[in-house]
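The letter at position 37 of the sequence shown is residue 633 when you use my numbering, and the numbering goes up by one with no holes.
Just below is one structure, and these are the notes that go with it.
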Amino acid sequence: MDVLGDLVSRDHATGDDRLALRAPGAPPRSYSYREFGTTARKTGNFLRHLGVREGAVVGVTDDATPESLLSLFGVALLGGTVWFGPPAELDARALVAPVGRLRTTRCRRASSTSSTATPPTTRRWRTSSARSGARTRGSPTCRSTPSRPS
Numbered sequence: 597m598d599v600l601g602d603l604v605s606r607d608h609a610t611g612d613d614r615l616a617l618r619a620p621g622a623p624p625r626s627y628s629y630r631e632f633g634t635t636a637r638k639t640g641n642f643l644r645h646l647g648v649r650e651g652a653v654v655g656v657t658d659d660a661t662p663e664s665l666l667s668l669f670g671v672a673l674l675g676g677t678v679w680f681g682p683p684a685e686l687d688a689r690a691l692v693a694p695v696g697r698l699r700t701t702r703c704r705r706a707s708s709t710s711s712t713a714t715p716p717t718t719r720r721w722r723t724s725s726a727r728s729g730a731r732t733r734g735s736p737t738c739r740s741t742p743s744r745p746s
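Below, the structure written as structure tokens:
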């Protein structure tokens with residue numbers, strides 16, 4: 597491997613079961629190269645559904661979790677830019693953060709991950725400013741304030 601993109605290349609997706617990532621926690625999680633590449637591509641597809649495209653900005657919390665790393669690779673596969681530890685005001689297409697750390701103020705779409713002992717989940721929601729069923733493509737979707745634990 598010469599570049600980061602090699603980690604998620606299709607070559608690894610076809611059966612490379614060597615350990616690529618080990619994440620401590622309760623329970624500890626590990627990803628083979630095949631699982632890591634597949635999950636990074638799935639993350640990219642989910643973010644594409646939220647409107648992330650080439651040049652889009654995605655805010656990701658700077659937690660040392662597999663979700664943060666998978667989000668980085670998912671956004672990179674789409675040609676977007678990742679802002680780790682986003683500032684209080686970030687005009688981003690999407691935000692990725694643990695459920696307890698994300699407090700949206702004016703956000704049409706956002707994603708969050710659960711950091712509990714159960715497998716991570718992803719949720720999407722809209723504020724009351726967006727009509728149900730309304731499309732939000734083409735406009736910045738989030739101005740958000742990530743909440744920090746005290």
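The C-beta atom is built at its ideal place from N, Cα and C for all residues, glycine as well.
Treat the numbers as computed from the prediction; the structure is a model and nothing was measured.
If you drop the 5 nearest sequence neighbours on each side, which residues of the same chain put their C-beta closer than 7 Å to that of residue i?
| i | result |
| --- | --- |
| G611 | R630 |
| L674 | G640, L643, R644, V648, R649, E650 |
| D613 | S628, R630 |
| R625 | A619, P662 |
| L615 | S626, S628 |
Kindly indicate which residue of the options has the alpha-carbon position closest to the one of residue i.
| i | options | result |
| --- | --- | --- |
| V692 | L673, R625, S664, F669 | S664 |
| T634 | S605, A688, L686, D687 | S605 |
| V653 | L600, P682, D659, F632 | P682 |
Less than 8 Å separating the beta-carbons of residue i and residue j?
| i | j | result |
| --- | --- | --- |
| G670 | A636 | yes |
Just checking my contact of residue i with residue j at CB under 8 Å: how many whole Å lie between their CB atoms?
| i | j | result |
| --- | --- | --- |
| L603 | P662 | Not quite, the Cβ-Cβ distance comes to about 13 Å (not below 8 Å), so this is no contact. |
| A690 | L646 | 5 Å |
By Cβ distance, which residues of its chain are closer than 6 Å to residue i, with the 5 residues on each side in sequence left out?
| i | result |
| --- | --- |
| V656 | S664, S667, V678, F680, V692 |
| D658 | F680, G681 |
| F632 | A616, L617 |
Strictly by DSSP, which residues pair up with residue i?
| i | result |
| --- | --- |
| T677 | V653 |
| D658 | Paired residues: none, contrary to the question. |
| P683 | For P683, which the question treats as bridged, DSSP gives no partner whatsoever. |
| S628 | L615 |
Going by beta carbon distance, what residues of the same chain come within less than 8 Å of residue i, once the five residues before and after it are set aside?
| i | result |
| --- | --- |
| L600 | F669, A672 |
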